[in-house]
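All residue numbers for the sequence shown refer to the UniProt record's numbering, where the first residue is 1 and numbers rise by one. Beta carbons are placed, not taken as given, at the ideal position from N, Cα and C, and that holds for glycine.
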Amino acid sequence: MSSVKPLSNATHDYCLNNAVIHIKDLRLRTFIGFNPEELEKQQDIIINAEIEFDASKPCISDNEQETLDYKVITKAMIAHVEQGRFRLIEKLAADLLDIIMEQSQVLRATVCVDKPHALRFSDSVAITLTAVR
């Protein structure tokens, strides 16, 4: 039997910080770039995101209705990437941040879009953008 008391019944000398959801290495294909060959052929991209939100209620209640639904966010990101065409990874990263920040619970989000093999002699080129509420 665990000796840990639930937060709702305990008095602690600490408080919970915000939670951060990490979406790691979401691998998708899309049209990205402005060179002629990039306009005709889909390329791989890798997306990483960190989404910060107040998790104090779901940590106490254990109720999925009180937390941030990362599945909904991820599905929207996938649909946007797969259905879109982008000239710049900056634009794609900004669009993905917009999708995440549509959720009112989100306090801060960071998105990194990685474009593998964008440069010769380099594994990838990536851009990271952050939004704060």
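Simplified DSSP assignment, three categories, for SER124 = Strand.
Which class does GLN43 belong to by DSSP, given the choice of helix, strand or coil?
-> Residue state, collapsed to three classes: strand.
Measure the C-alpha to C-alpha separation of SER56 and ALA94 and round it to an integer number of angstroms.
-> Straight-line measurement puts the Cα of ALA94 at about 28 Å from the Cα of SER56.
Ranges of the alpha helix (DSSP H) found wholly within the segment 44 to 97, counting only runs of at least 4 | Taking only runs of at least 4 residues, the alpha helix (DSSP H) segments lying wholly in the segment 44 to 97 are 56 to 61, 70 to 83.
Opposing strand residues paired with ARG27 [DSSP bridges] | Answer by DSSP bridge pairing, in chain order: ILE46.
Minimum C-alpha distance to ARG27 - residue among PHE34, GLN65, MET77, GLU66 | When only C-alpha atoms are compared, the closest one is MET77.
When DSSP builds the beta bridges, which residues end up paired with ARG133?
-> Paired residue(s): none; ARG133 is not in a bridge.
For LEU68 and ILE21, believed in contact at Cβ under 8 Å, the rounded distance | Taking 8 Å as the upper bound for CB-CB distance, ILE21 and LEU68 are in contact here, some 7 Å apart.
Residue from LEU97, GLN105, GLN83 with nearest C-alpha to CYS112 = Ranking LEU97, GLN105, GLN83 by Cα distance to CYS112 puts LEU97 first.
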